[in-house]
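Residue numbers (our numbering): 60 to 190.
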């Protein structure tokens with residue numbers, strides 16, 4: 060018998076606006092990263108990255124996790140940091156526009172955290188239902 064019910068593990072479903080905002084934000088971050096590379100540098104990339112950070116942060120804030128599983132709650136909180144890392148990357152794009160070292164590091168960190176949580180969240184939910 061499971062310790063948690065399915066409603067306690069999943070919580071309230073994410074709103075459609077939240078899902079759309081986060082996906083648009085992640086696509087904007089990808090476009091900003093491509094446009095900011097030295098091969099095809101464009102000053103529009105700074106504004107795209109700033110918009111990506113805002114979209115991801117707002118999308119994550121308007122749909123918080125309401126379930127009772129601590130591990131899933133922690134992973135959903137880590138997803139908030141993705142938007143924060145993109146925000147810091149946008150700051151470095153404005154502050155040091157020709158130096159790709161700082162903003163690229165924060166963009167990669169945000170991308171790594173997004174990949175980690177998107178792979179680990181379903182596994183943690185399945186595990187909580189099996190317990």
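Even glycine gets a Cβ: it sits at the ideal position worked out from N, Cα and C.
{"Check": "Beta-carbon spacing of residue 111, residue 88 below 8 Å", "Outcome": "yes"}
{"Check": "Classification of residue 76 by the beta-carbon crowding that lies within 10 angstroms, buried from 16 upward", "Outcome": "exposed"}
{"Check": "Straight-line gap, residue 123 to residue 129 (C-alpha atoms, nearest Å)", "Outcome": "13 Å"}
{"Check": "Contact test: residue 168 Cβ vs the ligand NAD heavy atom, cutoff 7 Å", "Outcome": "Within the structure as shown, the ligand NAD is missing, as the structure has no ligands at all."}
{"Check": "Candidates 127, 147, 170 and 161: closest to residue 65 by CA position", "Outcome": "127"}
{"Check": "Secondary structure of residue 128, DSSP reduced to three states", "Outcome": "coil"}
{"Check": "Cβ pair count under 8 Å reaching 3, the stretch 90 to 104 against the stretch 113 to 120", "Outcome": "no"}
{"Check": "CB of residue 108 within 8 Å of CB of residue 168, strictly", "Outcome": "no"}
{"Check": "The alpha helix (DSSP H) enclosing residue 64, as first and last residue numbers", "Outcome": "Element bounds for residue 64: n/a, residue is neither H nor E."}
{"Check": "Beta-carbon spacing of residue 81, residue 131 below 8 Å", "Outcome": "no"}
{"Check": "For residue 102, three-class secondary structure by DSSP", "Outcome": "coil"}
{"Check": "Per-residue DSSP class, three states only, for residue 161", "Outcome": "helix"}
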